[in-house]
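Position 353, counted from 1, in the sequence shown is what our numbering calls 558; the numbers after and before it change by one each time, with no gaps.
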Amino acid sequence: MKTWGTLLITIAFVVIFSIISVSMWGEKEEIIADDIQLRATAEMTVAEFGQINSLSKPLLKEVFNLESPDQMQELIAAFGMSLEQITIKVNKKNALATEDATKNWLKIPLKFALWFLFMIVCFVLLLKKMITKKTRFVLYGMGFIIFGVVLGADPSPMGTVKDAIVLYASKGVIFGPRMMAFSIFILTVILANKFICSWGCQLGTLQDFIFRLNRNNKDTERGSLPQFKIPFVISNSIRVLFLITLVWVAFVWAYDITHEIDPFKIFKPMKISVIGWIFILGSLVLSLYTYRPWCQLFCPFGLTGWLFEKLSLYRIKVDYDKCISCHACSKACPSPVMEAILKRNKIVIPDCFSCGNCIESCPADAVTFAFGKREKPPVGKFKD
Ligand code: SF4
Ligand code: SF4
206 MKTWGTLLIT IAFVVIFSII SVSMWGEKEE IIADDIQLRA TAEMTVAEFG
256 QINSLSKPLL KEVFNLESPD QMQELIAAFG MSLEQITIKV NKKNALATED
306 ATKNWLKIPL KFALWFLFMI VCFVLLLKKM ITKKTRFVLY GMGFIIFGVV
356 LGADPSPMGT VKDAIVLYAS KGVIFGPRMM AFSIFILTVI LANKFICSWG
406 CQLGTLQDFI FRLNRNNKDT ERGSLPQFKI PFVISNSIRV LFLITLVWVA
456 FVWAYDITHE IDPFKIFKPM KISVIGWIFI LGSLVLSLYT YRPWCQLFCP
506 FGLTGWLFEK LSLYRIKVDY DKCISCHACS KACPSPVMEA ILKRNKIVIP
556 DCFSCGNCIE SCPADAVTFA FGKREKPPVG KFKD
């Protein structure tokens, strides 16, 4: 009862305060611009063309590469482009202008600055083995409150992958600032093992917080309800299939398959449809039973981050001289990853979310979050 009660309070808190926060920020809706059908005749000047199609001067300047205001009076025929070519150019520029106009350029740098600070704190705590059950719970709570409830659903690590795919597929353009954000996120993955997912992502930290509601007092085993680890071969296959479907649908129908079900919308609840509520609440409830279901089963950034995680400079490592083969770390690990690390006969290591459970649970102090490659366990150290 306590678990369900706390889950309900958590979701109600997120929904109510997100509604307040969205209205305070005056959020603009993130949309992809509709294609414009243009009208033109060969005798039209650029100025007339802009007027009849309601196009702004800066947009005309970019489409026709105008170098002086006088060129507004030149005939559009003089620029050597067909109406189809002009239409494609206008729609691309319009798509980028709409992307730019729908962003909150005050909030985005603020969010990145806070992400940076927050991740540094978590990184130091993890290095110093100071992430305990209590600090973990508080940090996850702070994660989804600061980066989700207060600072909103956008930007998010997932958005940088998913929105980039959908925008490119539907309009053929790449929004530069989004690529910069994606690069920053990937850099955190390369520096410190998926750190943006671990401690920064508003949805990741919310799912992790909920998962911990159903753990024992030491945060090492399930709580009052059952918990299960999804075999990586299953979770990753679903995640890969989901990404393939997302790309395919985006290129064929210019549609975003996450439009209805995007769980980041829990931080802008007024935009959630009935189907969305069913899916999102279902995912959050499932987080009690299995670790970060959206991250493991669907998230496009989760998949991308997992690939780049192979290059991580800092990661979870085991000192096999100290290790007493008790498996306490793999039992405490919320996902199958620690088991795979201990038994390196499995070539594919699943996602590690740097939660520190393995470090905290090891009775021999053999697990660390440290720089460098992982060593393979000595042969016969762990029996299946
Ligand atoms: S994998 Fe999870 S934590 Fe990472 S971006 Fe996706 S939702 Fe966020
Ligand atoms: S191996 Fe498991 S317990 Fe250890 S940090 Fe990674 S996800 Fe957490």
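Glycine included, C-beta positions come from ideal geometry on N, C-alpha and C.
Does ligand 2 have even one heavy atom less than 7 angstroms from the beta-carbon of residue i?
i                 : result
alanine 537       : yes
phenylalanine 558 : yes
serine 517        : no
cysteine 327      : no
asparagine 441    : no
asparagine 421    : no
serine 540        : yes
cysteine 563      : yes
methionine 335    : no
isoleucine 554    : no
isoleucine 521    : yes
isoleucine 435    : no
methionine 324    : no
isoleucine 546    : yes
methionine 286    : no
methionine 385    : no
methionine 347    : no
methionine 543    : yes
Assuming contact is defined by CB atoms lying nearer than 8 angstroms, are residue i and residue j in contact in what I supplied?
i              : j                 : result
glycine 405    : methionine 324    : yes
cysteine 528   : alanine 571       : yes
serine 530     : methionine 543    : no
alanine 386    : proline 360       : yes
proline 555    : proline 539       : no
threonine 425  : asparagine 299    : no
alanine 369    : alanine 455       : no
cysteine 560   : alanine 533       : no
glycine 507    : cysteine 402      : yes
isoleucine 391 : phenylalanine 513 : yes
glutamine 278  : phenylalanine 349 : no
isoleucine 415 : leucine 212       : yes
isoleucine 214 : leucine 489       : no
isoleucine 564 : lysine 423        : no
lysine 367     : proline 474       : no
aspartate 413  : tyrosine 345      : yes
asparagine 430 : valine 219        : Here residue 430 is leucine; the residue named in the question, asparagine, does not match the sequence. It is not a contact, given that the beta carbons lie outside the stated cut-off.
leucine 271    : leucine 265       : yes
What residues in its chain sit with their C-beta under 8 angstroms from that of residue i, if we drop five residues either side in the sequence?
i              : result
asparagine 421 : Arg427 and Gly428
glutamate 465  : Ser478, Ile480, Gly481 and Phe484
alanine 247    : Leu280, Ile281 and Ala282
serine 517     : Val394, Ile395, Leu396, Ala397, Asn398 and Lys399
Kindly list the residues whose CB is nearer than 7 angstroms to the CB of residue i, restricted to its own chain and excluding five residues on each side of it in sequence; keep chain order.
i                 : result
glutamine 432     : Asn419, Tyr494 and Thr495
proline 382       : none
phenylalanine 328 : Ala397 and Phe400
isoleucine 236    : Thr303 and Thr307
leucine 288       : Leu243 and Ala245
valine 268        : Ile291, Lys294, Val295 and Lys298
alanine 459       : Ala374 and Ser375
phenylalanine 587 : Ser530, Leu547 and Lys548
leucine 331       : Ser559, Gly561 and Phe574
leucine 301       : Val378 and Phe380
tyrosine 519      : Leu396, Ala397, Asn398, Phe574, Ala575 and Phe576
isoleucine 435    : Thr495 and Gln501
threonine 509     : Val366
Does ligand 4 have even one heavy atom less than 7 angstroms from the beta-carbon of residue i?
i              : result
isoleucine 415 : Judged by which ligands are present, ligand 4 is missing from the structure shown, whose ligands are ligand 1 and ligand 2.
If you measure from the beta carbon of residue i to each beta carbon in chain D, is any gap under 8 angstroms?
i              : result
tryptophan 310 : Although the question refers to chain D, the structure presented lacks it and comprises just one protein chain.
What does a CB cutoff of less than 6 angstroms around residue i pick up in its chain, not counting 5 residues either side in sequence?
i                 : result
isoleucine 485    : Pro468 and Ile471
aspartate 240     : Asn296
leucine 451       : Ile462
phenylalanine 437 : Pro541 and Pro555
alanine 238       : Asn299, Ala300 and Thr303
lysine 233        : Thr307
methionine 286    : none
valine 457        : none
For review: beta carbons within less than 5 angstroms of any heavy atom in ligand 1: My final list is Pro362, Met363, Cys402, Cys406, Leu408, Gly409, Cys500, Cys504, Phe506 and Gly507.
Is the segment 327 to 341 in contact with the segment 294 to 307, if contact means three or more CB pairs nearer than 8 angstroms? No contact exists between the segment 327 to 341 and the segment 294 to 307.
I'd like to know if the segment 245 to 254 and the segment 475 to 495 are in contact, where contact means that at least 3 CB-CB pairs between them fall below 8 angstroms. Cβ pair count under 8 angstroms is below three, so no.
Determine contact between the segment 439 to 449 and the segment 495 to 515, defined as no fewer than three beta-carbon pairs at a distance below 8 angstroms. The segment 439 to 449 is in contact with the segment 495 to 515.
Could you tell me whether the segment 346 to 355 touches the segment 221 to 230, using the rule of 3 or more Cβ pairs below 8 angstroms? Yes: the two stretches touch, three or more of their Cβ pairs being nearer than 8 angstroms.
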